[in-house]
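Undergrad: Input: one structure, supplied below.
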Amino acid sequence: PRNTTQTCHDCGFVMGKNGTNKLTLKDREWDCPNCHIHHIRDWNASKNILAKGLEKLAKEKA
16 PRNTTQTCHD CGFVMGKNGT NKLTLKDREW DCPNCHIHHI RDWNASKNIL
66 AKGLEKLAKE KA
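If you're matching positions, the sequence shown starts at 16 in my numbering and goes up one per residue.
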């Protein structure tokens, strides 16, 4: 899904918006400028993908 590597799993801030730099492929770790949580890019993306999948399953069951 779109922006899963660039969205902070903790607060939802999306890099590249509000004047922040968008992450490049060589940026493997980053700190959220909003909540200051340190992320490892792939782990953060996997948490976001899991949350989106669980949200989709919940909607299908409703």
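Backbone N, C-alpha and C define an ideal beta-carbon position, used for all residues, glycine too.
#1: Assign residue 22 to one of two classes, buried (16 or more other C-beta atoms within 10 Å of its C-beta) or exposed (fewer than that).
#2: What are the complete beta strand (DSSP E) segments, minimum 3 residues, inside the stretch 43 to 71?
#3: Residue 22 bridges to which residues according to DSSP?
#4: Under a Cβ-count criterion, where at least 16 other Cβ atoms within 10 Å of its own Cβ denotes burial, should residue 26 be classed as buried or exposed?
TA: Straight from the coordinates:
#1: Against the sequence shown, residue 22 aligns to sequence position 7. Counting Cβ neighbours within 10 Å, residue 22 comes out buried, since at least 16 surround it.
#2: 44 to 46, 53 to 55
#3: The residue you call residue 22 lines up with position 7 of the sequence shown. According to DSSP, residue 22 bridges with 29.
#4: Here residue 26 refers to the residue found at position 11 when the sequence shown is read from its first residue. By the 10 Å Cβ count, residue 26 comes out exposed.
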